[in-house]
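Peer 1: At position 434 of the sequence shown the residue is numbered 434 (the numbering used here), and the sequence of numbers has no breaks.
The beta carbon of each residue, even a glycine, is placed where N, CA and C say it ideally should be.
Right, I'll just put the structure down here and ask away after.
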Amino acid sequence: MSTSSYDTPVLIAGGGPAGLAAALLLARHGVPPLLVERHAGTSIHPRARGLNVRTMEILRTVGLEGDVRDAGAALATSRYMLFVDTLAGEEIRRVPDADLLPVGEALARVTPCDWGRCAQDELEPVLATAARAHGADLRFGTDLVSFSQDADGVSATLADRATGAHRAVRAQYLVAADGAHSLVRESLGVPMAGLGPVSRGQLGHFVNVYFRANLSDLVRGREFILCFVERPGAEGLLLAVNNADRWLFNVEYDPDRGETPDAFTPARYVALIKAAIGLPDLDVEILSVLPWEGAALIADRFQAGRAFLVGDAAHVMPPAGGFGLNTGVQDAHNLAWKLALVLKGTADPALLDTYEAERRPVARVVVDRAVRELAAPTPDGAPAWDGPEQAGPEDGAWATATATPWPSSRRSWATTTPRARSWWRTELTRLAKLTRLAKLTRLAKLTRPMRAQRNWT
Ligand SMILES: Cc1cc2nc3c(=O)[nH]c(=O)nc-3n(C[C@H](O)[C@H](O)[C@H](O)COP(=O)(O)OP(=O)(O)OC[C@H]3O[C@@H](n4cnc5c(N)ncnc54)[C@H](O)[C@@H]3O)c2cc1C
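Given below as structure tokens:
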């Protein structure tokens, strides 16, 4: 079939970070796609904020490293993980990111890039603008309603959400970047395996509250990326968005005690936030609220015929560790150049089989890692999730997994038990090995601040 029989070479469903990255990368390879996103614009809720070095490398190759740093400039000074009673009250611990991540010279030996910080609601417009500039056709307010595929292509029905008008399009390939509840994945009948939130709840139920309040004086000089608040009754995780007046507060709720996100009224959020900050008279405005459940799931297949799953459509992981957006962008990067070469006739379509072969194992390692970052200790100190036998994947690829607690969100546990000390050492050694920096000097430097903590015996 000639290319003129198609409306677009590639139809992308979903305009989150994975879909936008796919659109940009395809367009830059000379294959401008059609992207449809059901929302009227890019995300209004700043979910992800951390961009790892690989994502920054990809952004660098498309000339956007500087633009993204500019968009996230307000977070550039966020260098700490804080543990506090309340933000205005006692500070329990301050861990600089240099003690958790390879930085500076050590990093410069392996990459020209550094870690990036940019809230998702600031990043997405940068990707969208660049994708459009390179010829991608981005249609917001447009739903992918249904699709079918045959040997030559994909036929899809789109709906304009404003008018309700339907339109048929024909594409050579379909990229499903339509998120965790992917219509494409479900229509293809591709199951997900792993540790879901619904059946067990071990990974927790949370509400991510985006709010406005002027906290700049409270954080100046100790700007954080994460701040664990430990005040009983107001426990939660504060996340910086612009280090001035936009923040996120992440609170856990317990469905076993009859709690639901709906039970949290705006007034209750405001009260919780004031208590966590420790300023009863603080002006707080709730901007948006995003309930989420910790899940760890991977699609059995990342490809079905001419359709490819990327991002959360292919793998869902807890946000701990900040891997979700990054893994999606990296999926898109892997797929885009392959699709482009095949569409230009430079490569055999068999090249596309390597997408799943390369990205699914990566997703499994990353999902495992995110689970370990999130899992909190049970009261007796045992891990909440104890490894792959509960997770259900068919082979041993998750066998490296043993649930380990999120570092020291529980101060007493994390600073006093032998198990905690052993966990820190294991994690730090792993980090050093992973980054090929497993040198004793580095390890000594990494562990010194931990040993110096109070209660560290
Ligand atoms: C509280 C929280 C904090 C997080 N923090 C981090 C972090 O620090 N670092 C990190 O890397 N990740 C983080 N994540 C994860 C990250 O936000 C997601 O992994 C990322 O958004 C996934 O991108 P995506 O493009 O695959 O999917 P999404 O962002 O979910 O985008 C999918 C898009 O598809 C659209 N869509 C769905 N169905 C259709 C359809 N039929 N037709 C048209 N459009 C459709 C949706 O409207 C949506 O915009 C966090 C997540 C949460 C909830």
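What does the alpha-carbon distance come out to for the pair Ala276 and Asp245?
Peer 2: Their backbone Cα atoms lie some 16 Å apart in a straight line.
Peer 1: Tell me which same chain residues have a C-beta within less than 7 Å of the C-beta of His29, skipping the five on either side of it?
Peer 2: The answer, listed in chain order, is Ala336, Trp337 and Ala340.
Peer 1: Do Ala156 and Pro174 come within 8 Å of each other at the CB atom, strictly closer than that value?
Peer 2: Note on identity: in this sequence residue 174 is Leu, with Pro being the wrong assignment. Yes.
Peer 1: With DSSP as the reference, please indicate the residues paired to Arg246 in a beta bridge.
Peer 2: For Arg246, which the question treats as bridged, DSSP gives the partners Arg212.
Peer 1: Helix, strand or coil for Tyr253? Go by DSSP, reduced to three states.
Peer 2: If DSSP states are grouped into helix, strand and coil, Tyr253 belongs with the strands.
Peer 1: Is the distance from the Cβ of Val95 to the Cβ of Met81 below 8 Å?
Peer 2: The answer is yes: Cβ separation under 8 Å.
Peer 1: For the region 316 to 331 against the region 364 to 373, do three or more pairs of beta-carbon atoms, one drawn from each stretch, fall closer than 8 Å, so that the two count as touching?
Peer 2: As far as the Cβ criterion goes, the region 316 to 331 touches the region 364 to 373, which means the pair count is three or higher.
Peer 1: How far does the alpha helix (DSSP H) with His333 in it reach, from first residue to last?
Peer 2: Run containing His333: Gly324 to Leu343, per the alpha helix (DSSP H) assignment.
Peer 1: Pairs of beta-carbons, one from the region 84 to 94 and one from the region 33 to 49, closer than 8 Å: are there three or more?
Peer 2: No contact exists between the region 84 to 94 and the region 33 to 49.
Peer 1: Enumerate in chain order the residues of its own chain whose CB-to-CB distance from Val31 is below 6 Å, with the five nearest sequence positions on each side excluded.
Peer 2: Answer for Val31: Pro9, Ala340 and Leu343, listed in chain order.
Peer 1: Assign Met81 to one of three DSSP states: helix, strand, or coil.
Peer 2: Strand at Met81.
Peer 1: Taking only three categories from DSSP, how would you classify Val365?
Peer 2: Three-state DSSP puts Val365 in a helix.
Peer 1: List the DSSP bridge partners of Pro96.
Peer 2: Pro96 is bridged to Tyr80.
Peer 1: Spell out a yes or no on whether the region 59 to 79 and the region 214 to 228 are touching, meaning 3 or more CB-CB pairs, one atom from each, closer than 8 Å.
Peer 2: Segments in contact, yes.
Peer 1: When the distance is taken between beta carbons, is Ala350 closer than 8 Å to Thr327?
Peer 2: No. Outside cutoff.
Peer 1: Given this structure, state the Cα-to-Cα distance separating Val241 from Asp85, to the nearest angstrom.
Peer 2: Distance between the alpha carbons of Val241 and Asp85: 21 Å.
Peer 1: Under 8 Å by Cβ, that's how I've got Cys118 and Ala177 pegged, so tell me the actual separation to the nearest angstrom.
Peer 2: Cys118 to Ala177, Cβ: 19 Å. No contact.
Peer 1: By how many angstroms is the C-alpha of Arg212 removed from the C-alpha of His45?
Peer 2: Their backbone Cα atoms lie some 12 Å apart in a straight line.
Peer 1: Cutting at 8 Å between CB atoms, please list the residues of its own chain near Gly41, excluding the five before and the five after it.
Peer 2: So the list reads Phe140, once near-sequence residues are dropped.
Peer 1: Helix, strand or coil: how does DSSP classify Arg268 here?
Peer 2: Looking at Arg268 - three-state DSSP - the assignment turns out to be helix.
Peer 1: In the structure shown, what three-state DSSP assignment does Gly236 receive?
Peer 2: Gly236: strand per DSSP, three-state reduction.
Peer 1: Enumerate, from N- to C-terminal direction, the unbroken beta strand (DSSP E) stretches of 3 or more residues contained entirely within the region 271 to 313.
Peer 2: Segments of the beta strand (DSSP E) lying fully in the region 271 to 313: 285 to 293, 296 to 299 and 307 to 309.
Peer 1: As a quick exercise: from Gln303, Gly116, Ile286 and Asp312, pick the residue whose alpha carbon is nearest that of Ala296.
Peer 2: The option with the nearest alpha carbon to Ala296 is Asp312.
Peer 1: Mapping DSSP to helix, strand and coil, what is Leu440?
Peer 2: Model confidence at Leu440 stands at a pLDDT of 29, short of 50, so the residue's coordinates are unreliable; what they give is reported in the following sentence. Helix at Leu440.
Peer 1: As a quick exercise: from Gly345, Leu100 and Glu293, pick the residue whose alpha carbon is nearest that of His205.
Peer 2: Closest by alpha carbon: Glu293.
Peer 1: In the DSSP assignment, find the unbroken alpha helix (DSSP H) run with Ser187 in it and report its ends.
Peer 2: Looking at the DSSP string, the run of the alpha helix (DSSP H) that includes Ser187 is Leu183 to Leu188.
Peer 1: I think Val310 touches Ala22, with their Cβ atoms under 8 Å apart; what is that distance to the nearest whole Å?
Peer 2: Correct: roughly 6 Å between the Cβ atoms.
Peer 1: When you compare only the Cα positions, how much space is there between Ser182 and Val207?
Peer 2: Roughly 21 Å between the two C-alpha positions.
Peer 1: As a quick exercise: from Val169, Ile273 and Tyr253, pick the residue whose alpha carbon is nearest that of Val229.
Peer 2: For the residues Val169, Ile273 and Tyr253, the minimum Cα distance to Val229 belongs to Ile273.
Peer 1: So the candidates are Leu138, Ala136 and Ala159; which of them puts its Cα closest to the Cα of Phe147?
Peer 2: The option with the nearest alpha carbon to Phe147 is Ala159.
Peer 1: Quick one: using the 10 Å Cβ neighbour count with 16 as the cut-off for buried, is Arg268 buried or exposed?
Peer 2: Counting Cβ neighbours within 10 Å, Arg268 comes out exposed, since fewer than 16 surround it.
Peer 1: Could you tell me if Asn214 is buried or exposed, where buried requires 16 or more neighbouring beta carbons within 10 angstroms of its beta carbon?
Peer 2: Per the 10 Å Cβ criterion, exposed.
Peer 1: Following a CB-centred definition, is Glu293 positioned closer than 7 Å to any heavy atom of ligand 1?
Peer 2: Result no, Cβ not under 7 Å from ligand 1.
Peer 1: Can you tell me which residues form a DSSP beta bridge with Val241?
Peer 2: According to DSSP, which records beta bridges pairwise, Val241 is partnered with nothing at all.
Peer 1: Give a single yes or no on whether Pro261 has its beta carbon closer than 7 Å to a heavy atom of ligand 1.
Peer 2: Incorrect: Pro261 has no Cβ contact closer than 7 Å to ligand 1.
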